[in-house]
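Asker: When we follow our numbering, the leftmost residue of the sequence shown carries the number 9, and every step to the right adds one.
Input: one structure, supplied below.
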Amino acid sequence: MADHTDLLVIGAGPYAYSAAAYARARGIATRIVGRPMAFWRDQMPADMYLRSGPDWHLDAQGEDTFAAFFEDRGLDPADHDPIPIDVFLDHTDWFAERKGLPVEQRMVEELTRPNGEFVARMADGDTITAARVLAAPGIAHYAALPAWADGVPAALRSHTSELVRFEDLAGARVVIVGGRQSAYEWAALLCDHGAERVDVVHRHDTPSFAKVSWAFVDDYVEQTLATRGWWRHLPAEDQSAIASRFWQVGRLTLEYWLVPRLDPTVVHRHPRCEVVSVDAGSGDAVRLTLSDGESLDADHVVFASGYRADLSRVPYLSGVLDRISVTDGFPALSPAFETSLSGLYVVGFSATRDFGPFYGFTKGCPSAARIAVEEMLR
Ligand SMILES: Cc1cc2nc3c(=O)[nH]c(=O)nc-3n(C[C@H](O)[C@H](O)[C@H](O)COP(=O)(O)OP(=O)(O)OC[C@H]3O[C@@H](n4cnc5c(N)ncnc54)[C@H](O)[C@@H]3O)c2cc1C
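Structure, rendered in structure tokens:
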């Protein structure tokens, strides 16, 4: 039996929560499917801290904000700086409850649009039909690895999105490839969990560690709301100046609170270095040779090599992919997040090419929800 809805929101992460809550508030019959906050619960370490603060929230109506959650719970943000991931997750549960979000814990197997209406075939065998679909696939399908990663036996390597428990690596020698926040946070977590030695290898200089402010992003999001298609109409040099500021704050500067956790007797940094060869030996450990000639023996290799958009890797979109125009892995989006397949909207990291880098973070949730939903009502 096929259930019908006006709007089907696929994904149950921050972008999906924002959009579904706002669509319901604006009177659109909406269903939301996915595993609630699964990426945060299953693909981030339970003892991780957020980089963003309590000012980034999910509510396009500006009522049930993260700050309102702190107030409601009688919590002082100063006691939760940086914000532990479990506080953030409590806040998303609270948000879903406040908004009466009926998140259906089921997954879409395949989306098609045979006759002008979307058909979502669910993993449990049901079908949901919808006039419109908003997909919020996040980054889980976009993990990027260097070309040589396959040289490391599968059992001895993980992308950071796969390694979120560290107990098994107590006493181990670990090499982390990459040098941004995830690389150094995973190094700190490995120290916390008793790794014997952690080598962090990256091509760039050692990043700086300092308290940063993301407040500069507020203005860009305001401009996105005020001017349709703001980012895409900026001159290329303005886009790259903003992107490099974002890069400076987010990628070249890492969180100051990592420093005391990076035990210098355990963590060894290899800036301006790359791995030039891999010797898998007997299969229990691997030897990596670096461009400076040093060799590192590792029981495990962690790839903190980030994410690269590739819409073709989102499994449930395979049935409509040939009708979506894609550039460099990103869907080409209208100024209202609509793909070239009319009625299909995509938000989150996949939208950063057309909307700017901030739309890969929760900061973009309320405005993306507002822009997409208002377009649906036009
Ligand atoms: C280590 C790390 C730290 C980060 N720290 C921060 C931070 O401090 N602040 C910040 O703003 N951002 C942070 N981010 C970025 C963060 O990933 C995004 O802000 C956020 O997750 C984007 O939300 P989303 O809704 O786009 O995707 P996600 O949170 O990834 O949600 C995707 C959802 O899709 C669902 N789904 C997948 N497949 C299906 C299917 N077939 N059917 C139905 N549902 C499906 C999943 O169940 C999941 O719930 C961090 C990222 C990483 C990797």
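No residue lacks a Cβ here, since even glycine has one placed at the ideal position from N, Cα and C.
Do you know whose CA, among T73, L171, P122, lies nearest F47's CA?
Answerer: If you number the sequence shown from 1, residue 47 lands on position 39. Answer by Cα proximity: L171.
Asker: Kindly list the residues whose CB is nearer than 6 angstroms to the CB of R321, restricted to its own chain and excluding five residues on each side of it in sequence; keep chain order.
Answerer: Numbered from its first residue, the sequence shown carries residue 321 at position 313. Closer than 6 angstroms at Cβ, skipping near neighbours: H149.
Asker: Assuming E50 contacts R106 under a Cβ cut-off of 8 angstroms, what Cβ separation, rounded to an integer in Å, is found between them?
Answerer: The residue you call residue 50 lines up with position 42 of the sequence shown. The residue you call residue 106 lines up with position 98 of the sequence shown. Before going further, note that residue 50 is Asp rather than Glu in the sequence given. D50 to R106, Cβ: 24 angstroms. No contact.
Asker: Can you give me the start and stop residues for the alpha helix (DSSP H) that L198 sits inside?
Answerer: In the sequence shown, counting from the first residue as 1, residue 198 sits at position 190. Start and end: 189–200.
Asker: Thinking C-alpha only, which one of C373, V127, T13, A76 is nearest E118?
Answerer: As a working mapping, residue 118 is identified with position 110 in the sequence shown. Nearest of C373, V127, T13, A76 to E118, Cα basis: V127.
Asker: Spatial neighbours of T13 within its chain, please: CB distance less than 6 angstroms, with the 5 preceding and 5 following residues excluded, ordered by chain position.
Answerer: Here residue 13 corresponds to residue number 5 of the sequence shown, with the count starting at 1. Closer than 6 angstroms at the Cβ level, and outside the excluded window around T13, lie A37, R39, A138.
Asker: Could you name the residues of the same chain whose beta carbon sits closer than 6 angstroms to that of L15, not counting the 5 residues immediately before and after it, in chain order?
Answerer: Working through the sequence shown from its first residue, we reach residue 15 at position 7. Excluding residues within five positions, the ones whose Cβ falls inside 6 angstroms are A31, I36, T38, R140.
Asker: Would you mind reading off the limits of the alpha helix (DSSP H) that contains R140?
Answerer: Reading the sequence shown from its first residue, position 132 is the one you call residue 140. Per DSSP, R140 belongs to no alpha helix (DSSP H); it is in the beta strand (DSSP E), 135–143.
Asker: By the DSSP assignment, the beta strand (DSSP E) with L119 in it spans what residues?
Answerer: Numbered from 1 along the sequence shown, position 111 holds the residue referred to as residue 119. Per DSSP, L119 belongs to the beta strand (DSSP E) from 116–120.
Asker: Are the beta-carbon atoms belonging to W194 and V310 less than 8 angstroms from one another?
Answerer: Translated into the one-based positions of the sequence shown, residue 194 becomes position 186. Translated into the one-based positions of the sequence shown, residue 310 becomes position 302. Yes, the pair counts as a contact, with Cβ atoms nearer than the cut-off.
Asker: Helix, strand or coil for E346? Go by DSSP, reduced to three states.
Answerer: Walking along the sequence shown from the start, residue 346 turns up at place 338. Note: E346 maps to strand in three-state DSSP.
Asker: Which of the three DSSP states is assigned to E204 in this structure?
Answerer: Counting from one through the sequence shown, the residue named residue 204 turns up at place 196. Reduced to three states, the DSSP call for E204 is coil.
Asker: Nearer than 7 angstroms: is that true of the beta carbon of S252 relative to any heavy atom of ligand 1?
Answerer: Here residue 252 refers to the residue found at position 244 of the sequence shown. No, the Cβ of S252 stays beyond 7 angstroms of every heavy atom of ligand 1.
Asker: What's the C-alpha gap between L74 and H65?
Answerer: Reading the sequence shown from its first residue, position 66 is the one you call residue 74. Reading the sequence shown from its first residue, position 57 is the one you call residue 65. The identity of residue 74 in the sequence shown is Phe, whereas the question assumes Leu. Roughly 5 angstroms separates the two Cα atoms.
Asker: Thinking C-beta only, is C373 closer than 8 angstroms to P22?
Answerer: The residue you call residue 22 lines up with position 14 of the sequence shown. The residue you call residue 373 lines up with position 365 of the sequence shown. In contact: P22 and C373 (Cβ atoms closer than 8 angstroms).
Asker: Would you report the Cα separation of T297 and S166, rounded to the nearest angstrom?
Answerer: The residue given as residue 297 occupies position 289 in the sequence shown. The residue given as residue 166 occupies position 158 in the sequence shown. Cα to Cα, T297 sits roughly 19 angstroms from S166.
Asker: Would you say A312 and V182 are within 8 angstroms of each other, going by their C-beta atoms?
Answerer: The sequence position of residue 312 within the sequence shown is 304, counting from 1. The sequence position of residue 182 within the sequence shown is 174, counting from 1. Going by C-beta atoms, A312 is not nearer than 8 angstroms to V182.
Asker: Compare the beta carbon distance of R211 and R280 with 8 angstroms and say whether it is the shorter of the two.
Answerer: As a first step, residue 211 is located in the sequence shown; it is residue number 203 there, counting from the start. As a first step, residue 280 is located in the sequence shown; it is residue number 272 there, counting from the start. Taking 8 angstroms as the Cβ cut-off, R211 and R280 qualify as a contacting pair.
Asker: From which residue to which residue does the alpha helix (DSSP H) around E245 run?
Answerer: On the sequence shown, residue 245 is found 237 positions in, with the first residue counted as 1. Element bounds for E245: 244–255.
Asker: According to DSSP, is F363 part of a helix, a strand, or is it coil?
Answerer: Mapped onto the sequence shown, residue 363 falls at position 355. Note: F363 maps to helix in three-state DSSP.
Asker: Are the beta-carbon atoms belonging to F224 and R253 less than 8 angstroms from one another?
Answerer: Here residue 224 is taken as the residue at index 216 of the sequence shown, counted from 1. Here residue 253 is taken as the residue at index 245 of the sequence shown, counted from 1. A contact, by the Cβ cut-off of 8 angstroms.
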